[in-house]
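*Asks:* To start, I am sharing the structure in question, which I have written as structure tokens.
Chains as they are written, first to last, in the numbering used here: chain A, 6 to 261; chain B, 137 to 450.
Put into structure tokens, the structure is as follows:
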């Protein structure tokens, strides 16, 4: 049943122009930033040769491209997620799902997986770009794999937060802006709060704050470092927001 | 007990729903047997939609119990919902899907076996007159066809109870007739609950009637009882030289006279009386100049006024 709903979401996305616009715009941004990095890399390459342990093309070109992609996702995911519940409520189609013999958990998890399916297509397209270099140079496949994995986790965090915000209102645009604000607040907090807490020697609060900062958790994987605490934080954030979304939708039935 | 279980498809007891301090629906009970069509009648805001949302599990009741074919809706919602088909006031249609895709999704969500899906969709399209529009996008269909798609999704999984919230609203007279025929046909196999604020619609298709007013059940009986209740009780009387309302009211069997214009009166009969003959005789004798005499179709409003007044008097 979860997969029926996930398939429906994916189909609905590709049947609407939104998905195609998002894919096109993202691909243009990724393409530009990727080519720009290659250009920069070619210019500094003669100097890299003289270094004893020079960074490779994967570190200098691919990793920054993924960082750009993360920023683009920050805008794109709230827009995609607003369809999931807020728009269904506004179009009065949520009744179709709730009247069907399907639990709220199935609906929410199905919708999350549908959105993840779409984001995996985006991530696949981003990951394919560096692979075009494989013919001409040696790529660090380990780093590429950890970058991709980290990026999937980041996308899952964004998707779960945006899905929850989508449950809060029947106004799609309000849901998108809410999700964007929440994600931005999390990023800023992760940057500042975590560091300042750690600087004061408060390591436990700093570690707790890290759960709420998806980009901070992406960093180790982005450097090729499989940090299990960061991975656990990402999974915890994702699951927590999905559970909150389920509870929220369930409460709607009680509140009316 | 088992006999009752198969006969009674839906039973609700003491349904109450509060929104904050406001009580939208108060202590409504209903019971429906297989093959019955129940009309839910009431003006806008009487609590029809709220009741239907509760019966379909879209809204949790503040108090009361609902069971569908013996399964408690609140305890085992998934199993109970599998036996319900619901068409809300605004049909829940995905405009970006075509009719076939949408109905396929409905069969999947309602757990129709994979092998039976194609057949179920073909049958329901035939019944709802959708055979030629299967590949059209729902968003491009006319309102009447969208309404039919809405009904199709409610019955595609052959539910025991079909709940339709104002299914004929916004349709043209021909479509209304088609939809009514479809509802009658549905009544043969399934139990149907139909909400409307159009009295003739209830007369045309329902076996049982419940009238809601301000969230309370003010009337619950068979359709025949309602017909007696509201037709033939009043006539419209046109007199060129009327004698005045008092003289008309003096005719034995007349309960009340109300002047519509200077020459037209609405005459209400006392219960069980029919003084039409008396009125005509007196008109001829006294030269009142009778030019119009027809049974007034009493509007739903009249029935309501009567019912609510009766309620208050009791």
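Each residue gets a CB set at the ideal place from its N, CA and C atoms; glycine is no exception.
For residue 467(B), which residues of its own chain have a beta-carbon under 6 Å away from its beta-carbon, when the five flanking residues on both sides are left out?
*Replies:* In the structure as shown, chain B begins at 137 and stops at 450. Residue 467(B) is therefore absent and cannot be evaluated.
*Asks:* Does residue 111(A) pass the burial test, meaning 16 or more other C-beta atoms within 10 Å, or should it be called exposed?
*Replies:* Counted from its first residue, the first chain places residue 111(A) at position 106. The residue in question, residue 111(A), is buried, as its Cβ has 16 or more Cβ neighbours within 10 Å.
*Asks:* Please report the distance separating the alpha-carbon of residue 362(B) from that of residue 166(A).
*Replies:* Numbered from 1 along the second chain, position 226 holds the residue referred to as residue 362(B). Numbered from 1 along the first chain, position 161 holds the residue referred to as residue 166(A). Approximately 55 Å, taken between the alpha carbons.
*Asks:* Using only alpha-carbon positions, find the residue among 290(B), 263(B), 210(B), 177(B) that is nearest to residue 102(A).
*Replies:* Taking the first chain and counting its residues from 1, one reaches residue 102(A) at position 97. The shortest Cα separation from residue 102(A) among 290(B), 263(B), 210(B), 177(B) belongs to 290(B).
*Asks:* Could you spell out the range, first to last residue, of the beta strand (DSSP E) harbouring residue 230(B)?
*Replies:* Taking the second chain and counting its residues from 1, the one referred to as residue 230(B) is at position 94. First-last for residue 230(B): undefined, no H or E at that position.
*Asks:* Would you say residue 22(A) faces chain B, with C-beta separation under 7 Å as the test?
*Replies:* Taking the first chain and counting its residues from 1, the one referred to as residue 22(A) is at position 17. So no, residue 22(A) is outside the interface.
*Asks:* Count the other CB atoms, across all protein chains shown, that sit within 10 Å of the CB of residue 224(B); report buried if there are 16 or more and exposed otherwise.
*Replies:* The residue labelled residue 224(B) in the question sits at position 88 within the second chain. So residue 224(B) counts as buried.
*Asks:* Residue 168(A) and residue 120(A) look like a contact to me (Cβ under 8 Å); what is the Cβ gap, rounded to whole Å?
*Replies:* For the purposes of this step, residue 168(A) is taken as residue 163 along the first chain, with counting starting at 1. For the purposes of this step, residue 120(A) is taken as residue 115 along the first chain, with counting starting at 1. Yes, residue 168(A) and residue 120(A) are in contact; Cβ-Cβ is about 7 Å, under 8 Å.
*Asks:* Quick one: grab the DSSP three-state call for residue 402(B).
*Replies:* Taking the first residue of the second chain as 1, we reach residue 402(B) at position 266. If DSSP states are grouped into helix, strand and coil, residue 402(B) belongs with the strands.
*Asks:* Mapping DSSP to helix, strand and coil, what is residue 317(B)?
*Replies:* For the purposes of this step, residue 317(B) is identified with residue 181 of the second chain, where counting begins at 1. Correct three-state label for residue 317(B): helix.
*Asks:* In its own chain, which residues sit with a C-beta less than 7 Å from the C-beta of residue 419(B), not counting the 5 before and 5 after it?
*Replies:* Here residue 419(B) refers to the residue found at position 283 when the second chain is read from its first residue. For residue 419(B), where only same-chain residues beyond five positions count, the Cβ hits under 7 Å are 375, 426.
*Asks:* So, helix, strand or coil for residue 304(B), using DSSP?
*Replies:* Residue mapping note: residue 304(B) aligns to position 168 of the second chain, counting from 1. DSSP places residue 304(B) in coil when its eight states are reduced to three.
*Asks:* Note down the Cα distance separating residue 16(A) from residue 229(B), rounded to an integer number of angstroms.
*Replies:* Against the first chain, residue 16(A) aligns to sequence position 11. Against the second chain, residue 229(B) aligns to sequence position 93. Rounded to whole angstroms, residue 16(A) to residue 229(B) spans 15 Å at the Cα level.
*Asks:* Since residue 171(A) meets chain B, which of its residues come closer than 9 Å, beta carbon to beta carbon?
*Replies:* Numbered from its first residue, the first chain carries residue 171(A) at position 166. Those do not exist, as residue 171(A) stays about 17 Å from chain B at its closest Cβ, beyond 9 Å.
*Asks:* Ignore the nearest five residues each way along the sequence and tell me which others in residue 423(B)'s own chain have a CB closer than 6 Å to its CB.
*Replies:* Residue mapping note: residue 423(B) aligns to position 287 of the second chain, counting from 1. Result list for residue 423(B): empty, nothing under 6 Å.
*Asks:* Between residue 192(B) and chain A, is any beta-carbon pair separated by less than 7 Å?
*Replies:* One-based indexing of the second chain puts residue 192(B) at position 56. It does; some Cβ of chain A falls within 7 Å.
*Asks:* Kindly list, in the order they appear in chain A, the residues whose Cβ is closer than 7 Å to that of residue 232(B).
*Replies:* Locating residue 232(B) in the second chain gives position 96, counting from the first residue. Neighbours of residue 232(B) on chain A, chain order: 17, 20, 21.
*Asks:* Please list, in chain order, all residues of the same chain as residue 252(A) whose beta carbon is under 7 Å from its beta carbon, the five residues on each side excluded.
*Replies:* To locate residue 252(A), count along the first chain from 1; it is residue 247. Cβ within range, chain order: n/a, list empty.
*Asks:* What does DSSP give as the partner residue(s) for residue 357(B) in the beta ladder?
*Replies:* As a first step, residue 357(B) must be located in the second chain, where it is residue number 221. Residue 357(B) pairs with 345(B).
*Asks:* Confirm, please, whether the CB-CB distance from residue 331(B) to residue 297(B) is below 7 Å.
*Replies:* In the second chain, residue 297(B) corresponds to position 161, counting from 1. In the second chain, residue 331(B) corresponds to position 195, counting from 1. No, the Cβ-Cβ distance between residue 297(B) and residue 331(B) is not below 7 Å.
*Asks:* Can you check whether the CB of residue 370(B) is closer than 7 Å to the CB of residue 346(B)?
*Replies:* Within the second chain, residue 346(B) is the residue found at index 210, counting from 1. Within the second chain, residue 370(B) is the residue found at index 234, counting from 1. No, Cβ-Cβ distance for residue 346(B) and residue 370(B) is not below 7 Å.
*Asks:* Which residue's Cα is closest to the Cα of residue 273(B): 236(B), 191(B), 264(B)?
*Replies:* Taking the second chain and counting its residues from 1, the one referred to as residue 273(B) is at position 137. It is 236(B) whose Cα lies nearest to the Cα of residue 273(B).
*Asks:* How should residue 153(B) be labelled, buried or exposed, when 16 other C-beta atoms within 10 angstroms of its C-beta is the threshold for buried?
*Replies:* Position 17 of the second chain, counted from the first residue, corresponds to residue 153(B). Residue 153(B) should be labelled buried.
*Asks:* Since residue 214(B) and residue 210(A) are thought to touch, with beta carbons under 8 Å apart, how far apart are those beta carbons, to the nearest angstrom?
*Replies:* For the purposes of this step, residue 214(B) is taken as residue 78 along the second chain, with counting starting at 1. For the purposes of this step, residue 210(A) is taken as residue 205 along the first chain, with counting starting at 1. Not quite, the Cβ-Cβ distance comes to about 42 Å (not below 8 Å), so this is no contact.
*Asks:* Provide the residue span of the alpha helix (DSSP H) that contains residue 203(A), from first to last.
*Replies:* In the first chain, residue 203(A) corresponds to position 198, counting from 1. Start and end: 177-204.
*Asks:* What is the DSSP secondary structure of residue 54(A), reduced to helix, strand or coil?
*Replies:* The residue labelled residue 54(A) in the question sits at position 49 within the first chain. Residue 54(A) falls in the coil class under three-state DSSP.
*Asks:* By the DSSP assignment, the alpha helix (DSSP H) with residue 136(A) in it spans what residues?
*Replies:* Here residue 136(A) is taken as the residue at index 131 of the first chain, counted from 1. Element bounds for residue 136(A): 109-136.
*Asks:* With a 10 Å radius around its C-beta and 16 neighbouring C-beta atoms as the bar for buried, classify residue 114(B) as buried or exposed.
*Replies:* No answer is possible for residue 114(B): the residues shown for chain B start at 137 and end at 450.
*Asks:* Tell me, please, whether the CB atom of residue 246(A) is closer than 7 Å to any CB atom in chain B?
*Replies:* On the first chain, residue 246(A) is found 241 positions in, with the first residue counted as 1. For residue 246(A), the answer is no, since every Cβ of chain B falls outside 7 Å of its Cβ.
*Asks:* Indicate whether at least one CB of chain B lies closer than 7 Å to the CB of residue 256(A).
*Replies:* Indexing the first chain from 1 puts residue 256(A) at position 251. With 7 Å as the cut-off, residue 256(A) does not count as an interface residue toward chain B.
*Asks:* I'd like the list of long-range same chain contacts for residue 188(A), defined as Cβ closer than 8 Å, with 5 residues on each side in sequence excluded.
*Replies:* Position 183 of the first chain holds residue 188(A). Here the set comprises 79, 82, 83, 163, 166, 167, 219.
*Asks:* Answer yes or no: does any C-beta atom of chain B fall closer than 7 Å to that of residue 107(A)?
*Replies:* Along the first chain, one-based indexing puts residue 107(A) at 102. With 7 Å as the cut-off, residue 107(A) counts as an interface residue toward chain B.
*Asks:* Report the CB separation of residue 282(B) from residue 227(B) in whole angstroms; it is logged as a contact under 8 Å.
*Replies:* To locate residue 282(B), count along the second chain from 1; it is residue 146. To locate residue 227(B), count along the second chain from 1; it is residue 91. Right, the Cβ-Cβ distance comes to about 6 Å (below 8 Å), so this counts as a contact.
*Asks:* Output, in sequence order along the chain, the residues in the region 75-109 of chain A whose CB is closer than 9 Å to any CB in chain B.
*Replies:* Those would be 93, 96, 97, 98, 99, 100, 101, 102, 103, 104, 105, 106, 107, 108, in chain order.
*Asks:* Going along chain A, which residues have a C-beta under 7 Å from residue 247(B)?
*Replies:* Sequence index remark: in the second chain, residue 247(B) carries index 111 (1-based). Per Cβ cutoff of 7 Å: 106.
*Asks:* Let me see if you follow: with CB-CB separation under 7 Å, is residue 263(A) close to chain B or not?
*Replies:* The structure shown does not extend to residue 263(A), since chain A is modelled only from 6 through 261, so no value can be given for it.
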